[in-house]
Each structure stands twice: as structure tokens, then as C-alpha cells.
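Residue numbers (our numbering), protein chains in the order written: chain A, 1 to 348; chain B, 1001 to 1348; chain C, 2001 to 2348. The beta carbon of each residue, even a glycine, is placed where N, CA and C say it ideally should be. Keep in mind that this is a model prediction, so the values were computed, not measured.
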Amino acid sequence: MKKTLGEIAQFIKGELIGDASLEIRGVAGLAEAQQGEISFLANSRYKNFLKSTQASAVVTAEKIENSSPLAVVKHPNPYLAFSQIVKLFYPERKDYPSEIHASAILGKNLKLGQPVHVGAYVVVEDGVEIGNHTTVLSGCFIGEKSQIGENCLIYPNVTIRENIIIGNNVIIHSGAVIGSDGFGFAYDGKTHQKIPQIGNVIIEDEVEIGANVTIDRAALGSTRIGKGTKIDNLVQIGHSVEIGENCILVAQVGIGGSTKLGKNVTLAGQAGLVGHIDIGDRVIVGAQGGVTKSIPAGKVVSGYPAREHHKAKKLEASLSFLPAYIEKIKRLEKELGELKRKLQKKSK
Amino acid sequence: MKKTLGEIAQFIKGELIGDASLEIRGVAGLAEAQQGEISFLANSRYKNFLKSTQASAVVTAEKIENSSPLAVVKHPNPYLAFSQIVKLFYPERKDYPSEIHASAILGKNLKLGQPVHVGAYVVVEDGVEIGNHTTVLSGCFIGEKSQIGENCLIYPNVTIRENIIIGNNVIIHSGAVIGSDGFGFAYDGKTHQKIPQIGNVIIEDEVEIGANVTIDRAALGSTRIGKGTKIDNLVQIGHSVEIGENCILVAQVGIGGSTKLGKNVTLAGQAGLVGHIDIGDRVIVGAQGGVTKSIPAGKVVSGYPAREHHKAKKLEASLSFLPAYIEKIKRLEKELGELKRKLQKKSK
Amino acid sequence: MKKTLGEIAQFIKGELIGDASLEIRGVAGLAEAQQGEISFLANSRYKNFLKSTQASAVVTAEKIENSSPLAVVKHPNPYLAFSQIVKLFYPERKDYPSEIHASAILGKNLKLGQPVHVGAYVVVEDGVEIGNHTTVLSGCFIGEKSQIGENCLIYPNVTIRENIIIGNNVIIHSGAVIGSDGFGFAYDGKTHQKIPQIGNVIIEDEVEIGANVTIDRAALGSTRIGKGTKIDNLVQIGHSVEIGENCILVAQVGIGGSTKLGKNVTLAGQAGLVGHIDIGDRVIVGAQGGVTKSIPAGKVVSGYPAREHHKAKKLEASLSFLPAYIEKIKRLEKELGELKRKLQKKSK
Chain A
1 MKKTLGEIAQ
11 FIKGELIGDA
21 SLEIRGVAGL
31 AEAQQGEISF
41 LANSRYKNFL
51 KSTQASAVVT
61 AEKIENSSPL
71 AVVKHPNPYL
81 AFSQIVKLFY
91 PERKDYPSEI
101 HASAILGKNL
111 KLGQPVHVGA
121 YVVVEDGVEI
131 GNHTTVLSGC
141 FIGEKSQIGE
151 NCLIYPNVTI
161 RENIIIGNNV
171 IIHSGAVIGS
181 DGFGFAYDGK
191 THQKIPQIGN
201 VIIEDEVEIG
211 ANVTIDRAAL
221 GSTRIGKGTK
231 IDNLVQIGHS
241 VEIGENCILV
251 AQVGIGGSTK
261 LGKNVTLAGQ
271 AGLVGHIDIG
281 DRVIVGAQGG
291 VTKSIPAGKV
301 VSGYPAREHH
311 KAKKLEASLS
321 FLPAYIEKIK
331 RLEKELGELK
341 RKLQKKSK
Chain B
1001 MKKTLGEIAQ
1011 FIKGELIGDA
1021 SLEIRGVAGL
1031 AEAQQGEISF
1041 LANSRYKNFL
1051 KSTQASAVVT
1061 AEKIENSSPL
1071 AVVKHPNPYL
1081 AFSQIVKLFY
1091 PERKDYPSEI
1101 HASAILGKNL
1111 KLGQPVHVGA
1121 YVVVEDGVEI
1131 GNHTTVLSGC
1141 FIGEKSQIGE
1151 NCLIYPNVTI
1161 RENIIIGNNV
1171 IIHSGAVIGS
1181 DGFGFAYDGK
1191 THQKIPQIGN
1201 VIIEDEVEIG
1211 ANVTIDRAAL
1221 GSTRIGKGTK
1231 IDNLVQIGHS
1241 VEIGENCILV
1251 AQVGIGGSTK
1261 LGKNVTLAGQ
1271 AGLVGHIDIG
1281 DRVIVGAQGG
1291 VTKSIPAGKV
1301 VSGYPAREHH
1311 KAKKLEASLS
1321 FLPAYIEKIK
1331 RLEKELGELK
1341 RKLQKKSK
Chain C
2001 MKKTLGEIAQ
2011 FIKGELIGDA
2021 SLEIRGVAGL
2031 AEAQQGEISF
2041 LANSRYKNFL
2051 KSTQASAVVT
2061 AEKIENSSPL
2071 AVVKHPNPYL
2081 AFSQIVKLFY
2091 PERKDYPSEI
2101 HASAILGKNL
2111 KLGQPVHVGA
2121 YVVVEDGVEI
2131 GNHTTVLSGC
2141 FIGEKSQIGE
2151 NCLIYPNVTI
2161 RENIIIGNNV
2171 IIHSGAVIGS
2181 DGFGFAYDGK
2191 THQKIPQIGN
2201 VIIEDEVEIG
2211 ANVTIDRAAL
2221 GSTRIGKGTK
2231 IDNLVQIGHS
2241 VEIGENCILV
2251 AQVGIGGSTK
2261 LGKNVTLAGQ
2271 AGLVGHIDIG
2281 DRVIVGAQGG
2291 VTKSIPAGKV
2301 VSGYPAREHH
2311 KAKKLEASLS
2321 FLPAYIEKIK
2331 RLEKELGELK
2341 RKLQKKSK
């Protein structure tokens, strides 16, 4: 497929600086792009690539001086604009045919959408509902009475346990496990007695769940993932956790049971939150941050235990000088001692 | 199902403060409970919910003043007591029929219990033994000569490699991998040569293993998980690790090869232990703690590198004041300098 | 099988101190070995076991005084030498027959090697290539147009998405997911818009990938794992990451998108690297280290945020004394105050 640069600029409502008739036949990163391709610059770390790129055009937010012969399409959100261009050139997802594979094992009393794709070796237990235009790829397990909405994409080898409720336009990547038992035990003085986990998981619309993520079902009530929240790979979400809308959970994050997140919260990679705390709207937790208590809305925290980020940065800077300051304390101690001895001698 | 509150109090051997004839028809969390339901208070953080709950009765350890109209059943371990009530109202697990699904692929020389449930698309290699009343759900793989005891529950899509030994009453959640090769390589100066991993894994009775957990087989000998130990999701256990009885390993914990844990050890979420160390009985490692050396029995440690918890807390408090103390050192230095100059002047 | 100790010493080119005609019938760890077995000592922590071991011979690098009756085979790299002996006694891997299981579902236009093993319930989509002597075990999914080289071993329940390229002699453990979508979203002010992930993953020769590892496909271009690199369980590798040759990534490591690693890099367990940074050849990152910026070749770093290891160790030592030094500062402050008051009095 080919588009002119003028068509592309118009499509993303960007400002074109260059030849509108230029033919563009694909997209690529700055380092890999060839002539006839369009690329983008969203992270200024990669600015140097502008000089060497073979791309014919670039989408960027900033003014570029002497960019010629590189054509420029200015746009305030180049990453978003570029993603729209990618969708122009490539279909967003493979279109699986409307089909229930002969090897799929279907329980009783199902409600299956039309069209729907159920892949090879999928097991669907009794009473499951799957909405229109939803694709469930091979090897998935869907437990009794679970409901999956419309236009969802469930990649191979996902496990969805019983009584789970999944909204529309949800994407779940391979190996994810939704609705495993919460980790609840009561110590009776000798052994850990299992607390029955009879709650469920509710995944709202437009959620994306990464590969090998685990989301536990609630002991009672529901574990809930809010609309539009995106979860990266290998994240752990404990029982009865409630996550608000449009949160971002980066890979390997862990959230303890019953903790609540507001809207638009960002948890960077490997961050950990203890159970039973409240995280306000728009909170940002830095990578590997260890959150041990509730955080009010809007705060940025980092480190272990997590502190407000500006304090953590100041502390970090202080720490770098700590060995030097300890030497200083020793010297001060010595000098003060000498001074005192000198004064004592005098006063004698 | 319905029970009177008197029957329930008697069943858990609790002290009833309220109307014994009250009919209870279900259980729920304090926030979600409706009239006619019983709830519990185990964590004092949720005490406020007592005022607003719609529950008709609550199990708790503490005295509640003016609880009326809420009926109270006092019990020293309300979490445990409540779990017993939950089991009264809900069957603890779904009863899968005694059946070997037609699509299961069975090797030679198997010993299968009676009754036993082997789900759809399960692959069982030669020489496997599965005990009475054990359920293996769809998509699981059980490698050659592995043994699974009685009354186990293996959720869908679990992988159990060859020669693994699993005791009775074990629960394994979806996506777990038992017996993958240990991570053992010898550098020959050019490349990392794989060390054959010819040992196995032994899982003792009453162990529970979370979703997407990985437990590596030993290079030689066995990786061992002690009786009654409970392992949360996404935990990594290296080759030749030995874990004692009744330990609690919270989500995303990692344990390096050949490390040994005593009994009743608790590792909080995301804690990491290096290989080749010994952790004594009843040790507690805080969330995200990084343990770099052996820990004697009974200690509580936290932080990175892990220190005794009371020292870590003191250090943490000191750290908060560090920037202020650094200012103080600078001021002391200045004042001492001024003092010395003054004295020198005088003595001239 | 039996070998004489002389044959074994010759085979590993080691120096024999003991009876060359001694018959050895197996291998085991020092603690578990029985008479007639050979063991090894590579880690001096286990030196004490030399006194109590029942092994008949041991491979070690060091001189052992009065080792009799234990025979000794000296070798500079005992771990490597021992692994060669293990291979003498045990076949390195089970030989699966050349067979495509009747239940495997094969797409169109495949190129399958000869011999090749494709296990039960494997799903192979259109256009896939699998090389000679490669084994794909049960329950695996291989997406459209993916290529797997020769002599690979893919354990059960692995998911390989579309357009992935895998070299020769690659081992992938159960539950691993190769080519899941990168975590890329652009915030349009209201919601997180998914950035299409149209790149792929390239796994070079001799790579080993642990259980439940996740490796994301690139948005554009390729995520690349260099030749001979070994990846432990539950590691997360973000989109467009490039890893050089012969790196070691220990369990639960996480690497943010677009980060580049040189050759022979070691990342210890649970270490985390932010995205968009460069890690030089031979860098070592300590366990749980949090790397927030690029690191030049050859450096050893640890802690959060990661510092050069010797500085981190010094800092750590300083920290232990911090509460004591804070007391010291308070005392100095007091003494200096007293001294000043005294001098003022005098000067009046």
C-alpha cells in the first residue's frame, strides 16, 4: 500500500513541512527505516538518529532545524499520531474466521456470539457466554458460567476460571491466569487452613492483560480491573484488589490483597504494594518502589519504603555523600576534642 | 441454605451476643454484606465498616460496644472461624466426576486411582501414577514416571515434568511449571555449557502452589517443598532448594539454588534470597527484602540487603532525617572553624 | 553403566589422585552420594561435606589434604568437568521419536524437518518452518510464519506467536510466551490508545529460555536475544530490547523496552532495568539492582538506584553506622554549644 505524505499529514491532522506528493510505503523505527518509509521521534534520547536515518519523513512534536532532505510532519503527540499511521498501513489484528474449531470442547447452556472464533483445543465449560466478534485462540480454558463480552481477543493458552466477568474489547495475552484462588489461609496454631475463595474477578471494557499475568479471584465479592486499564506481563494482582480506570501497571508489578487504586494510577516496573491500602487517583509509583501505606491522590513516590519522589531523590543525593560526611564527623569530633583540651590547658 | 445464628456460633465454638434464632442465609465481606448475611472483622483497619455494614451478624475477636442491631459471635481467630462458616454455606470445591476424558492421551504402564478425574486434552506420559480422588483438569501435561498422590487438584494448563513426586491433598494452580530444568551452566571460557539437570522435585502433602509458579528440578537429588507450605503466584524456586513445613511464600518471591528454609518461614511479596544460604525456622523476611546471607531461627529481617527489622526501621527513620543532619554537619563545621579562628586571634 | 575412575579422569583431562581401577557407577551431590559414585566440590561453602561424604571420588580444583579414602580428580573447572561426567552417565535429553502426533493441528505451507517431533495437541499455523531434529512437545502453539531452527527443544505448553524467528539448538521451557505484544500505548488525553506491535522476536542459536518467561515482540523491527544467552524463569523482556551474546539473566529479571545489552552481561535475580538505556559488555548487575541509566562496559553495579558495587558496599557499611553517627552529631552539637557558652562567659 502507498500513501502520499500529504494524505498522511491530513489523516493525523499534522503540519507538513516538506513535499506533499512524496510516496510513503511503510513505517519503521528511525534506526531501521529505509527510503520511502515514515518514522517518528517521541523521545529526545533518539534525536541523534535524525541525522543518520534513511527514513523519508518523520513525525515529531519539535521543530527540527535543517531537517532537509527529511520531510517533517509536526504533531503535538507524535507517538499517538504515529500509531494511527501504523494502523493505516497494517491491519490492527489478524482476522480469524467465524468458526468453532471441531476440536473445541463445548459445555451445555452456552451463549455464543455471532460471529465468534473458538480455536483448536479450547475447553468451554457449562453456562459460559461469549459475545459477538470475540476470538478465543487455541488451548484456552474458560470455566463454568464465565462471561466474555464482545470484540475481545484471547490469545492461546489463557486460563479463565469459573464465574469470571469480562467486558468488551478486552485483550488477554498468552499464559495469563484469571481467577485463580486468592492466597488466603488462617493459621490454626498447627497448619495453614485454606480460606475458601468464592468471589470472582470482573474485568471491565478496554482492559489489556499481559502474558503470564495472574489475577486472583476474591475470597468474597470481586477483584475488579477498571475500564481502560492496561496491565503488562507477569503482573500479580491479589484477591479483592480494586483498580480504577485507565491505570498503567508495568511488568512484574505486584499488588497485595484488598488494596484499592484510583483512576489513572501508574505503577512502574517491579513496584510492589502491600495489601489493604488505598492509592489515590493519578499516583505514580517509581520502578521497584515498595509501597507500605496509603498514598493520597496526585503524589509521585519511589524507593523502598516508598517516599515522595522529590524527597527520595534528595535522600539519594545525600546518600552519595554519606561516606564523605562520616569522615567529616570523625574530623569534627577530633578537632573539637583538641580544642577542648587546649582550652582546658589554658584555663589551668 | 439457611442456618440459625445459634447453630453457627455452636459450630465454630464462638460466644454469641445476640439473637440465636436469627436466620443466616449467606456470607459476605463487611462492605458488601446484606441483611441476613454474616461477615467478619479480623483486621482492625476495617473497624469503621461495622457502623455501616448491612450484615446481620459479625464474627470478631474484640468486644464491640453498642453493636446492636448487629449480632456478634466472639471467636479468638475470626478469620479461621469465618472460613469454617464459608465452608458451611459453600462446597469447598467443585466435584468433578470420576472420568477420564476421551481426549486425554494416556501413556503405558499407568497407575490411575479410583475415582479419578482426568480432563480434556490432558497428556499423561508413560509410567505415571495418579492417586484416588485426584482431579487433573484440562490441558495439563504430566511427564514420564511422575507420581501424584491422593485427593490432589491440578487446575488447567499446569505442566509437571518427568519424575516429579507429589504427595496427597496438593493443589496446583493454572500455569504452574513443576520440574523445569535448573539454571545451571559452566562457563568454559567461550560459552555457557549446560549442566544436565537430572534430579527431581518432591512436593509434600498439603502444599498449595499458585498460578504461574516455577519450581526447578535439582541438578542432582531433589528440590523439596515441605508439608503444608503455601506458595502464592509467580514465585520462583531454584534447583535443589529445600523448603521446610508450613512456610508461607507470598507472590513473586524468588529463591536462589540450593538455599534451605526451615519450618514456618514467611517470605513476604517480592522478597529475594540468594542461593546457597540457610534460613532458620520461623524467620520472617519483609516485602521486597533482599537476603544475601544465612539467617538464624526466629529473626525478622527487611530491606536490601536484609537487616534485622528493628535495625532496618531505625535506619529508615535515620534516613528520613539524613538531609537535615547533613545541613547540621555543615553548620557545625562552620561554627567550629569560626570558634578556632576566634581563639587563634585571641591567643595572638 | 560403569566406568573406571581412570577412564573418567582421562575423559575430563583431570589429574587423578587415587585408584584408577575404581569402578564408578553414577554421580550425585556430596551430601547424597553413595559408595561407587563420584561427586564434585566447586563451591568452598560445601568443603565440610568432604569429611562426611559417602562418595568414592570427587572432582575439585583444590588440593585436598588427607582425602583418603576419597579419590580425587583435580580439574581447574570442576563444575564444568562434572557436567561432562554427568553426560557420560545420563543421556542429555530424552529422545522423542520422529513423529507428528495424530492430534497435532497443522496449517498450510509448512516446512517440517526430518526427523522432527511434534507432540499431542500442538497447533501449528500456516507457513511455519521447523528444522531437522527439533522437538515440539504437547500443547505448544506456533503462530503463522514463525521459523524454528534445527535441534531445538520446545517443552510443553509454550506459546510462540506469529513471525518469530528462532535459531538452532534453542531450548524453551514450559509456559514461556515468545512474541506477545509490546506494552505500547499513547495517551490521547482520555484513554490509552494501543500502539500496534508489528515487529517480531529473533532468538539466536544456543539460547535457553526458562519457564514462564515473557519476551515481547517489537513495535517495529525486532526484539533480539543474542547467541548463547541463557534466560532463567519468569524473566520479562520488553519490546525492542536487544541482548548480546552469552548473557546470563537470572530469574525474575525485568528489562524495559528498547534497552540494549552488550555481550557477557550478567543480571542477577530480580534485577530491573528501565527502558531506553545501554548496558556495556561484561557488566554485572547485582540481585534486585535497579538500573536507571546506561552503564559502561565492565562495571559491576548493585542497589537501588544501581551504583558501582564498591561504592554501594561502602555506602551500605556507612548506613549500618548511620544511627550511631546521628547520635554523634547530636553530641557534637551539644558540646560545641557548651564550649561556645563557656567562652562567651569568659570573654564577658
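- request: Using a cut-off of 7 Å between C-beta atoms, extract the partners of residue 287 of chain A located in chain C.
  value: Residues of chain C passing the Cβ test: 2272, 2274 and 2290.
Is there a Cβ from chain B that is less than 9 Å from the Cβ of residue 177 of chain A?
So, interface residue.
Practice item. Determine, using beta carbons only, whether residue 2233 of chain C and residue 1216 of chain B come nearer to each other than 9 Å. Key: The criterion of a C-beta distance shorter than 9 Å is satisfied by residue 2233 of chain C and residue 1216 of chain B.
Exercise. First and last residue of the alpha helix (DSSP H) that includes residue 2081 of chain C?
Worked result: That run of the alpha helix (DSSP H) goes 2078-2089.
Check your understanding: Can you list the residues of chain B that residue 106 of chain A reaches, using a CB-CB cut of under 8 Å?
Key -> For residue 106 of chain A, no chain B residue has a C-beta closer than 8 Å to its own C-beta; the minimum C-beta separation is roughly 11 Å.
Problem - chain A within 9 Å of residue 2267 of chain C, Cβ atoms only - result: So no, residue 2267 of chain C is outside the interface.
*asked:* Under 8 Å, with one C-beta from each stretch per pair, do the stretch 2029-2037 of chain C and the stretch 1265-1276 of chain B reach the 3-pair mark?
replied: The stretch 2029-2037 of chain C and the stretch 1265-1276 of chain B do not touch, with fewer than 3 CB-CB distances between them shorter than 8 Å.
Residue from C/2185, C/2207, C/2247 and C/2226 with nearest C-alpha to residue 78 of chain A: Checked all of C/2185, C/2207, C/2247 and C/2226; the closest Cα to residue 78 of chain A is C/2185.
Discussion item. Going by DSSP in three states, residue 2010 of chain C sits in which element: helix, strand or coil?
Written reply: Correct three-state label for residue 2010 of chain C: helix.
| query | Quick one: Cα of residue 302 of chain A to Cα of residue 1044 of chain B, how far? | reply | The alpha-carbon atoms of residue 302 of chain A and residue 1044 of chain B are separated by roughly 28 Å.
Does residue 1049 of chain B come within less than 9 Å of chain A when only Cβ atoms are used?
Taking 9 Å as the CB threshold, residue 1049 of chain B stays off the interface with chain A.
Report back the beta-carbon spacing between residue 24 of chain A and residue 57 of chain A to the nearest angstrom; my notes put them in contact at under 8 Å. With a beta-carbon spacing of about 6 Å, residue 24 of chain A and residue 57 of chain A fall inside the 8 Å limit used to define contacts.
Quick test of your reading: residue 2120 of chain C and residue 1130 of chain B, contact by CB under 8 Å. State the CB separation rounded to the nearest angstrom. Between residue 1130 of chain B and residue 2120 of chain C the Cβ distance is about 18 Å, and since that is not below 8 Å, they are no contact.
Residue closest to residue 1179 of chain B, alpha-carbon to alpha-carbon, out of B/1191, B/1172, B/1123 and B/1163:
Measuring from the Cα of residue 1179 of chain B, the nearest candidate turns out to be B/1163.
- Query: In chain B, which residues lie less than 8 Å from residue 2248 of chain C when you measure between Cβ atoms?
  - Reply: By Cβ distance, chain B contributes 1185 and 1192.
Just to confirm before moving on: does the CB-CB distance between residue 2307 of chain C and residue 2319 of chain C stay below 9 Å? Going by C-beta atoms, residue 2307 of chain C is not nearer than 9 Å to residue 2319 of chain C.
* To do: Could you name the residues of chain B that residue 2234 of chain C contacts, counting a contact when the two beta carbons are closer than 7 Å?
  => Near residue 2234 of chain C (Cβ distances below 7 Å), the residues of chain B are 1214, 1234 and 1236.
Using beta-carbon positions only, say whether residue 201 of chain A and residue 165 of chain A come within less than 9 Å of one another. Contact: yes.
Rounded to whole angstroms, what is the Cα-Cα separation between residue 235 of chain A and residue 286 of chain A? Distance between the alpha carbons of residue 235 of chain A and residue 286 of chain A is about 15 Å.
Q: Within 10 angstroms of the Cβ of residue 1066 of chain B, are there 16 or more other Cβ atoms? Answer buried if so, exposed if not.
A: By the C-beta density criterion, residue 1066 of chain B is exposed, having fewer than 16 other C-beta atoms within 10 angstroms.
On a Cα-Cα basis, can you pick out the residue from C/2290, C/2279 and C/2007 that is closest to residue 2296 of chain C? Of all alpha-carbon atoms in C/2290, C/2279 and C/2007, the one lying nearest the alpha-carbon of residue 2296 of chain C is that of C/2279.
Nearest-angstrom Cβ-Cβ length linking residue 2014 of chain C and residue 2074 of chain C, presumed shorter than 8 Å = Confirmed, Cβ separation roughly 6 Å.
So which of A/290, A/154, A/332 and A/41 has the shortest CA-CA distance to residue 252 of chain A? The residue with the shortest Cα to Cα distance from residue 252 of chain A is A/290.
Quiz item: Mapping DSSP to helix, strand and coil, what is residue 2349 of chain C?
Solution: The question about residue 2349 of chain C has no answer, for chain C in this structure spans 2001 to 2348.
- Message: Output needed for residue 1089 of chain B: all residues of its chain with C-beta closer than 7 Å, excluding positions within five of it in sequence on either side, in chain order.
- Response: These residues qualify, in order along the chain: 1001, 1026 and 1027.
- Message: Under 8 Å, with one C-beta from each stretch per pair, do the stretch 320-335 of chain A and the stretch 2318-2335 of chain C reach the 3-pair mark?
- Response: Result yes; three or more Cβ-Cβ pairs closer than 8 Å.
Given that a residue counts as buried once 16 or more other Cβ atoms are within 10 Å of its Cβ, and exposed if not, what is residue 1108 of chain B? Under a 10 Å Cβ-count criterion, residue 1108 of chain B is classified as exposed, with fewer than 16 other Cβ atoms of the shown protein chains found around its own Cβ.
**Report entry** Rounded Cβ spacing between residue 2175 of chain C and residue 254 of chain A (contact assumed at less than 8 Å)
**Finding:** Not a contact, Cβ separation roughly 18 Å.
- Message: Counting only beta-carbon separations shorter than 9 Å, does residue 82 of chain A have a partner in chain C?
- Response: The beta carbon of residue 82 of chain A sits closer than 9 Å to some beta carbon of chain C.
Q: Using the DSSP secondary-structure output, state which residues sit across from residue 1290 of chain B in a beta bridge.
A: Residue pairing of residue 1290 of chain B in beta bridges, as defined by DSSP: B/1272.
- [ ] Leaving out five residues on either side along the sequence, give the residues of the same chain with a beta carbon under 6 Å from the beta carbon of residue 135 of chain A.
- [x] Result list for residue 135 of chain A: 96, 117 and 153, in chain order.
Residues in the stretch 129-149 of chain A with C-beta within 7 Å of chain B's C-beta atoms, listed in sequence order? Of all residues in the stretch 129-149 of chain A, only 139 and 141 come within less than 7 Å of chain B when Cβ atoms are compared, listed by chain position.
Q | Minimum Cβ-Cβ distance from residue 1339 of chain B to chain C less than 9 Å | A | With a threshold of 9 Å between beta carbons, residue 1339 of chain B makes contact with chain C.
Handout entry: Cross-chain neighbours of residue 315 of chain A in chain C, by beta carbon under 8 Å
Key = Those within 8 Å of residue 315 of chain A in chain C number zero; the least Cβ separation is about 11 Å.
**Asked** Taking the C-alpha atoms as reference points, what is the distance between residue 17 of chain A and residue 71 of chain A?
**Response** If you take the alpha carbons of residue 17 of chain A and residue 71 of chain A, they lie about 6 Å apart.
For residue 188 of chain A, count the other beta carbons within 10 Å of its own beta carbon; 16 or more makes it buried, fewer makes it exposed. Which is it? Exposed.
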